[in-house]
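What follows is a short report on a single structure.
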Amino acid sequence: MIATLNTTLAETLTIQYGMNLFILLRNTEGITHEESLVRAVETGNHINWIVGHVIATRCAVLPSLHHEPVWGDDTLRLYRRGSGDAADADYLPFDQLVSAFHTTQERILAGIAMLTDEELAAPAPFSPGGGPETLGSLLTKSTVHEGYHLGQTGILRRVTGKPGAIK
3 MIATLNTTLA
13 ETLTIQYGMN
23 LFILLRNTEG
33 ITHEESLVRA
43 VETGNHINWI
53 VGHVIATRCA
63 VLPSLHHEPV
73 WGDDTLRLYR
83 RGSGDAADAD
93 YLPFDQLVSA
103 FHTTQERILA
113 GIAMLTDEEL
123 AAPAPFSPGG
133 GPETLGSLLT
143 KSTVHEGYHL
153 GQTGILRRVT
163 GKPGAIK
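Here the numbering used here runs 2 ahead of the position in the sequence shown, where the first position is 1.
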């Protein structure tokens, strides 16, 4: 799909979420579970937490798209904002994270495809900044949030000793 001046918000969101999947797949290609736990600095996040955090954020919006989250509260707690200090052994195996990301991708795209303009313009179930939010603006901010974190996976990929994947 190519964006034009006539592209709807739902189509734009589909493009953005598709790009985020592309970034994830490129930056995590060949990353082992052990490499997913490497941090650039002691207090920094690792790829495992970053990918899990993106999935956790997706779990928060999935009910608004008429789909169930892929994780329950115990797993979500590991990957919520401010939770990156668990023991390495507590984090999910990296291949499970990538699989969960794919599942959320399918559910998000299916949900977006079913949304009406009225639903996109309706109040969002929550607002990251605390201000007024529509479902459409929440999803738009979500794609930017994902892009921010998925860009970090490219840097951490290099920290593991692998070459950059997006050139």
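Glycine residues also receive a C-beta, built at the ideal position from the N, C-alpha and C atoms.
Owing to the predicted nature of the structure, the values given are computational and were not obtained by experimental measurement.
Are the CB atoms of residue j and residue i within a distance shorter than 7 angstroms?
i: R41; j: A167; result: no
i: A102; j: V72; result: yes
i: P127; j: S66; result: yes
Among the options, whose alpha-carbon lies nearest the alpha-carbon of residue i?
i: I52; options: G149, K164, P130, S66; result: G149
i: Y93; options: I17, L11, N47, P165; result: N47
i: K169; options: I25, A112, H35; result: I25
i: L117; options: H55, V43, T34, H68; result: H68
i: A91; options: T10, G153, H35, L23; result: H35
i: I33; options: T136, L140, L99; result: L99
i: K164; options: L11, S38, T16, N22; result: S38
i: I17; options: G153, T162, V146; result: V146
Start and end of the alpha helix (DSSP H) containing residue i?
i: R43; result: According to the sequence shown, residue 43 is Val rather than Arg. V43 -> no alpha helix (DSSP H), and no H or E assigned at all.
i: G93; result: The displayed chain sequence assigns Tyr, not Gly, to residue 93. That residue, Y93, is in no alpha helix (DSSP H); it is neither H nor E in DSSP.
i: D76; result: 75-81
i: V53; result: 49-63
Counting C-beta neighbours from all protein chains within 10 Å, is the total for residue i 16 or more, i.e. buried, or is it exposed?
i: G138; result: buried
Would the segment 114-131 count as touching the segment 154-168 if we require 3 or more Cβ pairs under 8 angstroms? no
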